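Here the protein sequences come in this chain order: S, U, L, X, Z and P. Numbering-wise, the first sequence is residues 1 to 269 according to full-length UniProt numbering. Numbering-wise, the second sequence is residues 1 to 269 according to full-length UniProt numbering. Numbering-wise, the third sequence is residues 1 to 269 according to full-length UniProt numbering. Numbering-wise, the fourth sequence is residues 1 to 269 according to full-length UniProt numbering. Numbering-wise, the fifth sequence is residues 1 to 269 according to full-length UniProt numbering. Numbering-wise, the sixth sequence is residues 1 to 269 according to full-length UniProt numbering. Glycine residues also receive a C-beta, built at the ideal position from the N, C-alpha and C atoms. Keep in mind it's a predicted model, so treat the numbers as computed, not measured. For reference, the structure discussed in these notes is given below.
There are 6 protein chains.
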Amino acid sequence: MMAKPFKRLLLTGAAGGLGKVLRDRIKPWADVVVLSDIADLGEAREGEEIVVCDLGDKAAVMKMMEGVEAVLHFGGISTENTFENILHANILGTANIYEAAHKLGVKRIVFASSNHTVGFYRNTDYIDATAPTRPDSFYGVSKCFGEQLASYYWDRTGLETVSLRIGSSFPEPKDRRMMVTWLSYDDLVEALRQSLFATRVGFTILFGMSNNDVAWWDNSKAAHLGYKPKDSSSQFDASFPDSGQYPDQNASVTYHGGAFALAEVRYKD
Amino acid sequence: MMAKPFKRLLLTGAAGGLGKVLRDRIKPWADVVVLSDIADLGEAREGEEIVVCDLGDKAAVMKMMEGVEAVLHFGGISTENTFENILHANILGTANIYEAAHKLGVKRIVFASSNHTVGFYRNTDYIDATAPTRPDSFYGVSKCFGEQLASYYWDRTGLETVSLRIGSSFPEPKDRRMMVTWLSYDDLVEALRQSLFATRVGFTILFGMSNNDVAWWDNSKAAHLGYKPKDSSSQFDASFPDSGQYPDQNASVTYHGGAFALAEVRYKD
Amino acid sequence: MMAKPFKRLLLTGAAGGLGKVLRDRIKPWADVVVLSDIADLGEAREGEEIVVCDLGDKAAVMKMMEGVEAVLHFGGISTENTFENILHANILGTANIYEAAHKLGVKRIVFASSNHTVGFYRNTDYIDATAPTRPDSFYGVSKCFGEQLASYYWDRTGLETVSLRIGSSFPEPKDRRMMVTWLSYDDLVEALRQSLFATRVGFTILFGMSNNDVAWWDNSKAAHLGYKPKDSSSQFDASFPDSGQYPDQNASVTYHGGAFALAEVRYKD
Amino acid sequence: MMAKPFKRLLLTGAAGGLGKVLRDRIKPWADVVVLSDIADLGEAREGEEIVVCDLGDKAAVMKMMEGVEAVLHFGGISTENTFENILHANILGTANIYEAAHKLGVKRIVFASSNHTVGFYRNTDYIDATAPTRPDSFYGVSKCFGEQLASYYWDRTGLETVSLRIGSSFPEPKDRRMMVTWLSYDDLVEALRQSLFATRVGFTILFGMSNNDVAWWDNSKAAHLGYKPKDSSSQFDASFPDSGQYPDQNASVTYHGGAFALAEVRYKD
Amino acid sequence: MMAKPFKRLLLTGAAGGLGKVLRDRIKPWADVVVLSDIADLGEAREGEEIVVCDLGDKAAVMKMMEGVEAVLHFGGISTENTFENILHANILGTANIYEAAHKLGVKRIVFASSNHTVGFYRNTDYIDATAPTRPDSFYGVSKCFGEQLASYYWDRTGLETVSLRIGSSFPEPKDRRMMVTWLSYDDLVEALRQSLFATRVGFTILFGMSNNDVAWWDNSKAAHLGYKPKDSSSQFDASFPDSGQYPDQNASVTYHGGAFALAEVRYKD
Amino acid sequence: MMAKPFKRLLLTGAAGGLGKVLRDRIKPWADVVVLSDIADLGEAREGEEIVVCDLGDKAAVMKMMEGVEAVLHFGGISTENTFENILHANILGTANIYEAAHKLGVKRIVFASSNHTVGFYRNTDYIDATAPTRPDSFYGVSKCFGEQLASYYWDRTGLETVSLRIGSSFPEPKDRRMMVTWLSYDDLVEALRQSLFATRVGFTILFGMSNNDVAWWDNSKAAHLGYKPKDSSSQFDASFPDSGQYPDQNASVTYHGGAFALAEVRYKD
């Protein structure tokens, strides 16, 4: 039997929506999958270790990452929230992950970034990874921060990152915008696999979308990853029939970031 | 039974080559298809209304467009002609269509533009929709005019246009150049469908070609339409066997615009 | 005494605002300056010939251009108007000039184009001559038409054009926007001189602006003309003192085309 | 006597190196200059108000900014430090400034950003404002954060920012690298003036450098500001004579960020 | 029976690795295939002529090329060697081929160039044919020379070239890098066919790779050739299983040129 | 007294047109200037050493370069010639210089390249250093070779090169084309000075032209050199008065390479 690629692989945010999806699917990649969340993760199964951990707690993060060889960093808040909460979970939390990774010699992180880093582009804009970011929320700003931090650690220390700007990863698209941004679970797993095992990635940004008919994002700057999505949202075409009713009644399709770009500014008072 | 997307959809140039092809194929998109031409269109069939109309006649155009929700503007002269004729049919005619559309609240026009807007590019030039136009004829200049007018109405009034730069839409390619520029009827209809029903298009230029082996045009600037041609001219490869006889004896392949780019200047004396 | 460069040089629109400015200044360039307008031009002075002519009259244009070696085409309507008027004066009129020039072997035309070809760009957009046009008026669309026609004649027949996209050519800037778009009369004349006498120009677009502090247009695509403006609107800085009152009260500065971009659609009813 | 452009203008970081330089020079721009720092600012002089304030204290920031019309945000830590300190002063502090500005209707902020946002570019890279950031320090990452936040507030709320990426603003260059990155005090003040009073800026990035012989940064994307530096580091050429000793002994010139790009990772243990 | 496209087609380097592969496969393209090498080629078979020839011998080359209509130039040294040997075989040899082709009226050459013209790009660089060359060896420099010479002959004389930058053309990939650069024999033959029979090619650079998952090269600048590879190295995925062992132990994947880019400088002493 | 920057500086081609100009002007840069040519150089003056040397003689080149710290490589044939002569003097000669430089630890070479590397661009093309080369002669091809070799040595060994693509360096322009391409002797010397003493250059291409009104070349990719020409060909405007006689009678202005691009192919028979 072939050895698994990693001895220890860390998945943060393992209790989250995508974390649950990934929990079983990533097992073939490591002898031990370390699952971390601030929420309850239940019992550890075979090949798992569970760490309940606030990523804003630097010492706890350092301890959790001992012996880890690579990280799938899905932890933190995954939607809009107060700036204070975002600051703690996403900004400080990510900084703790990277500093621990650097200190402990982890070689690669796959960072769950988001389309909300570029959420204020219009639907007629077709962009690649070099387009200036235009975040649509504190959440989006925090993902930009994570990418900049990753860029810094790569240039400074050689710690590699693939920043996966996830579109909409659900069982199926929920509205017209998600016909564009949809990332099937199978394609998500494949994107992670390519990101983890490509020979050399430096700091790479990959847009996480399936092979949908409409595309807003050009992945040619990540061609060295070899990501080839197998699914397409076109299987759900019938759910969104042709209509002469144009954008205004569902403005969420106007921006890459959808409803985020239309939301009110929120801040803890 | 599902309602059709539009109540009234106008097709101008309905008696022309492509107009005849489209007459039946677009019926599923509207309760009533208004068919317009300066030439005879025969009897109206079920779900059709027929208007014989000179597009250069502003009042007639205004009347014809009452209640219309969207336009497939294929009318005018579709090949080279005297400047005076082009001026009337293509320039004045298109201006009348747009002004009426604006006044009557039409939301979207699909404009039958042409590869002759860029006909003076060479076959080794691979261009996208932002390449400066290089028309090869008065006809091509008039299509550039139509695009500029459409851009103006979008920026000024919010009236949306997809400008479809049609390559060579025939049952099959007639020469080597058309192996590159060929647009099958099925793909034409699909391009129109995407153009009519995409959620938001602003002013978009789409090159109308099938999925041929050789390509001169890059449609990435229209990626938000999701146009995915199904046909390819490669099915006709056997009609144009390999040959060591190079371009000079058939110079029409030298320019995107083919024979147009090689024609003499014509003007009414 | 050195011979003048041209025997006969035509200036159309000679009774217009800029035509009057140019009337004397271009005399050193030709033995005979042919001055044309639909309006009265007064008495011919030494070295002048005067032709009252509707540019929409093809035969008259043909006659006027006999023996002419080069053209400064400033004729037509120079501000927004009904489409019909624009169609006649600017579209048909320019077509007549080009066809006559081609038939009579004129080698070069300097076409008075306008910033209104790109009037819907925002003030934060810095564009060059390859940026897709975004006209802000029927007037702007007609100037786009003229440029496309000029491109066509160059590719087809070798007739050369410099299209001078004039900003705001007045004795001094009248508002903040004109601080950006101002073209002094001296710089206008120099731009015309470079355009007429550069060795080979093909079809070149030159933005007509002085060496102002703020710039919206990059002339590097016309570097082969060697146009080096000597004046700057900064001499008028004191007329527009610093203010913390921001754009909204004078939105004309928001778009390259200024008030044109904010005007209502006008059309002859 | 002409009214000053602003009633109240806030300068944060007023006790810092550049803050002291600016304290007197910005007086002509406002009836009252509000000077803020966490350090002592001495006595308020005529036309000044002094606020000692930790920018990480949201309520204090809110209070300080009442009635303020525009902000020169120079506050925070201006060199490398522990991540925790940077997080508080630069990330939370800047978030507080922006949120208060938004809530209170401030229209424009000039943000003192830094060349360290792009510090890992090499000296042979010539970049403009659209080049992906490559921060060289936690400090640089925090400046990227500020820029992203500013982009977000512009897209979301219309609050405008000029992000001034300051090179090296000292009385004179201290080493060869600063011959490239030097920004004279006079040019700094002029850059601030242009940034404050340009008619419309949206979110603009301006590289802050004088008119030095060697340049790493192209300001064409900020051409709408009209920034024209008057000084040049070439006046100090004699301080750095020609030498056949090449880069290795002074590697700080190798990267845009100089010594920052060569520093060790620092983190509070 | 249909006539073959060429009467005489020359293949140089016919005794080399790829020459042997091509010997039979190109027979359908010509009545007579002239096979040339400095090494022994065995007996001529039907439809073949054999010429043993040092390409550095100008008179011999001239004689060999009489009556030839097109050339597949695979001759010369195909790996790193001393500069003197490269100079003779690849630089002088190629110059002799081109001058003879020009003098004898040959219309098109397919030049076997190499990925080693761009071998010093990193694996994260995705480049097209306009990227400045970065050769990784004397061999690579000699291929750049051949391309420049071909460009010169095209501009000067109209002699056309497709420069095929061959990746790794072997029965199967031998290491991870070749998973990216692999060109199957079938795809090689198809690339040659398209290059020989496309209607007009001017001077075109085509990257020779199969449809592999990972790509470093963008062939859009050669879209007019219609090259559509049928094979993919993904069929060999199992030979290179996922691994958490990253680049350093097999640095050859770091550069497009692989081991060439890591080799020592060699020179004949 | 300040020490000179170099102990030994080599100038090849010292008996050529520019070599003679440079002989005295470069003395301030080195204790000993080694002057090399195949032609007679007369007596060595103070601070000079003279080596008569065929650059194609590798051993002689090696000997000549002992102790040399930097090279101004102006040797070889400086105009069109037979391929054989170019091969020996420019290709083999330059290879010998670079290999000796590498073996002996020379740190930087300034290579006298030429506008003839891009001679087939048209006068309306404005290009920078990343534009694909289009040589107009064997001479131009040999200069492309030199640049590729320099790129190779930089990537492989760290030996730095500035490739100075000299326009037309004469006391004054001889025709209209040289009004564009002129490089005054003072500006040539300044370009060499910047190239020799800039802190880090890697492989940099600099177009050698004065600050002329018309420009074909954009030096922004060499902005790190700080080359600021002081002279302009506009001082010679009176020698080339305005004329309505257009390009055809002096076609040399049509291409960057001038008469070279129009010359016949020459080859030793």
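Reduced DSSP secondary structure (H/G/I, E/B, other) of residue i
| i | result |
| --- | --- |
| Leu18/Z | helix |
| Thr204/Z | strand |
| Val106/P | coil |
| Leu92/S | helix |
| His224/U | helix |
| His116/P | helix |
| Tyr255/P | strand |
| Trp216/X | coil |
| Phe111/Z | strand |
| Gln176/P | According to the sequence provided, residue 176/P is Arg. The question's Gln does not apply to it. Note: Arg176/P maps to helix in three-state DSSP. |
| Asp125/X | coil |
Where the alpha helix (DSSP H) through residue i begins and ends
| i | result |
| --- | --- |
| Thr161/U | Per DSSP, Thr161/U belongs to no alpha helix (DSSP H); it is in the beta strand (DSSP E), 160-166. |
| Ser195/X | 185-197 |
| Ser137/P | First-last for Ser137/P: undefined, no H or E at that position. |
| Lys63/P | 58-64 |
| Ile86/P | 83-86 |
Assumed close pair residue i, residue j - CB separation to whole angstroms, cut-off 8 Å
| i | j | result |
| --- | --- | --- |
| Gly119/X | Ala261/X | 5 Å |
| Tyr98/S | Tyr153/S | 5 Å |
| residue 325/X | Phe203/X | Lying outside 1 to 269, the shown extent of chain X, residue 325/X is not represented and no answer is given. |
| Gly47/U | Gly93/U | In fact, because the Cβ distance is near 25 Å, the residues do not count as touching under 8 Å. |
Minimum C-alpha distance to residue i - residue among the options
| i | options | result |
| --- | --- | --- |
| Arg45/Z | Asp31/Z, Thr130/Z, Asp57/Z | Asp31/Z |
| Asp136/S | Gly258/X, Asp155/X, Gly75/X | Asp155/X |
| Leu196/L | Ala238/P, Pro229/P, Asp125/P, Asp242/P | Asp242/P |
| Glu49/X | Lys143/X, Val33/X, Leu225/X | Val33/X |
| Val141/X | His116/X, Leu225/X, Val214/X | His116/X |
| Ile127/X | Ala215/X, Glu80/X, Tyr246/X | Ala215/X |
| Leu10/P | Leu87/P, Ala89/P, Glu80/P, Ala100/P | Ala100/P |
| Ser239/U | Met178/U, Thr199/U, Asn81/U | Met178/U |
Range covered by the beta strand (DSSP E) that runs through residue i
| i | result |
| --- | --- |
| Arg8/U | 6-12 |
| Glu49/P | 48-52 |
| Ala30/Z | 30-37 |
| Ala70/S | 70-73 |
Neighbour flag for residue i against chain B, beta carbons, 7 Å
| i | result |
| --- | --- |
| Val141/U | In the structure shown, chain B does not exist; the protein chains are S, U, L, X, Z and P. |
request  = Below 7 Å between beta carbons is the criterion; list the residues of the stretch 172-187 of chain X that meet it against any residue of chain P, in chain order.
outcome  = Arg176
Under 7 Å (Cβ pairs) to chain Z, residues found in the stretch 54-72 of chain U = none
task = With 7 Å as the limit, tell me which residues of the stretch 105-131 of chain U have their beta carbon closer than that to any beta carbon of chain L; keep them in chain order.
result = Phe120, Thr130
key: Residues of the stretch 75-98 of chain Z with Cβ closer than 7 Å to any Cβ of chain P, in chain order   = Phe83, Leu87, Ile91, Leu92, Ala95
key: chain P contacts from the stretch 145-156 of chain Z (Cβ-Cβ distance under 7 Å)   = Phe145, Gln148, Leu149, Ser151, Tyr152, Asp155, Arg156
request  = Please list the residues of the stretch 215-227 of chain P that have a C-beta atom closer than 8 Å to any C-beta atom in chain L, keeping them in chain order.
outcome  = Ala215, Trp216, Asp218
task = Pull out every residue of the stretch 191-216 of chain X whose Cβ sits closer than 9 Å to any Cβ of chain L, in chain order.
result = Arg193, Gln194, Leu196, Phe197, Ala198, Thr199, Arg200, Val201, Gly202, Phe203, Thr204
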